[in-house]
Structure formats: structure tokens, C-alpha cells
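Have a look at the structure below, then the notes.
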Amino acid sequence: MKGKRDVPEVSNADLKRMLDQTMTRFENWRVEVERKPNPMMIHSLKNIMSIIESVTSMADRRMEYSYKALVQRMAELMGETAALNMAIVNSLKDDDAMDEAELKTVSNRLFKLINAAAELARLVQEHFGTPELAGAQTRALIPAEAPAKPAKPAKPKKPLTA
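Just remember that this note's numbering sits 10 ahead of the position in the sequence shown, which is counted from 1.
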């Protein structure tokens, strides 16, 4: 339950927009101070401007980092997709069929691809999503390796006769 003092989280884009608006206001104030100088006001303005500029640069770095991580995860997903594709092509190259070892290789590549997709989705939720999505617990969705033996198919149940 949220209290009265809870402040909703804002995205990087919202922070950037608010900082830009603040910088515009302070720039207008600086112009006013130049027209009607007041030593105390000038000193305060310089201090405030330096604080705002440092916050702006931190927000810019955070946004750059988030996008770098996003691009890296996307590249990893592309790499896993290509590796799965090559595993399938190589296993079908000679005999147009997959033996157990080839099936295990393809299955492992598929699990790695799914995990890469899950990691990309998690990154998007954490850095670019809503606060509700970011609050979700992180967990390994699928094991990195396929099971040693595939599960046996369930036997069909016999229909009840009356």
C-alpha cells in the first residue's frame, strides 16, 4: 500500500525532460540576473547551476549505460539464435535426421536461446519498464542445460465404458 509521501518512480526519459525544463528555467533566471545584478543571487545561481549540471550528466550516463546493456543483450540473443540455427543445419546436413547426440545439442542451444530471450526481457523490465515490472522477483526461468533424457510421453488413458 502506498503512503501519501510515496513518489512515483520516473523513467530516464521523464528525468531527462524534467531536467531540461529545469535548465531552461535556470537559464531564464541567469539572463534576469545579468540584467539586474545581485551578488548574492549570482552566487546562489552558480551553485544551483553546477548541481543541476552534475545531475544532468549522471542521468545521461545512466541512460547511455542502459542502452549499452540493451544492445549487448540483443546481440547475445542474435548470437544464440544463429548458434541454434547452425546446430540444426549441421545436424541435418548429412542424413536429414537427428540422432540422440544431435538432438541433445539442438535442445541445449534452444534452452540457451530461451534464457537469452528471458535475460533481455528482464533487462527491459528493469531499466525501461514500469516500476511494477521492475519489482518482480528475478529467477532462472529455464535450466541452462536440457535434461539428460527426454521425458517419456504419457500413455493415453482408456476411455471409461459404461
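Think of the CB as a built atom: it goes at the ideal place given N, C-alpha and C, for glycine as much as any other residue.
Computed from a prediction, not measured in an experiment: that's the story for all the values here.
With DSSP run on the structure shown, which of helix, strand or coil describes threonine 97?
For the sequence presented, residue 97 should be read as alanine rather than threonine. Helix.
Pick helix, strand or coil for methionine 84, following the three-state DSSP scheme.
helix
Per DSSP, what kind of secondary structure is aspartate 30 in: helix, strand or coil?
In the three-state reduction of the DSSP assignment, aspartate 30 falls in the helix class, which pools H, G and I.
Can you round the beta-carbon distance between alanine 79 and leucine 29 to whole angstroms, since I take them to be within the 8 Å contact cut?
Actually they do not touch by this definition, with Cβ atoms about 22 Å apart.
Considering only their Cβ atoms, is the gap separating glutamate 112 from glycine 101 smaller than 8 Å?
The sequence shown places serine at residue 101, not glycine. A contact, by the Cβ cut-off of 8 Å.
Kindly list the residues whose CB is nearer than 7 Å to the CB of leucine 123, restricted to its own chain and excluding five residues on each side of it in sequence; keep chain order.
Glu90, Thr91 and Leu94
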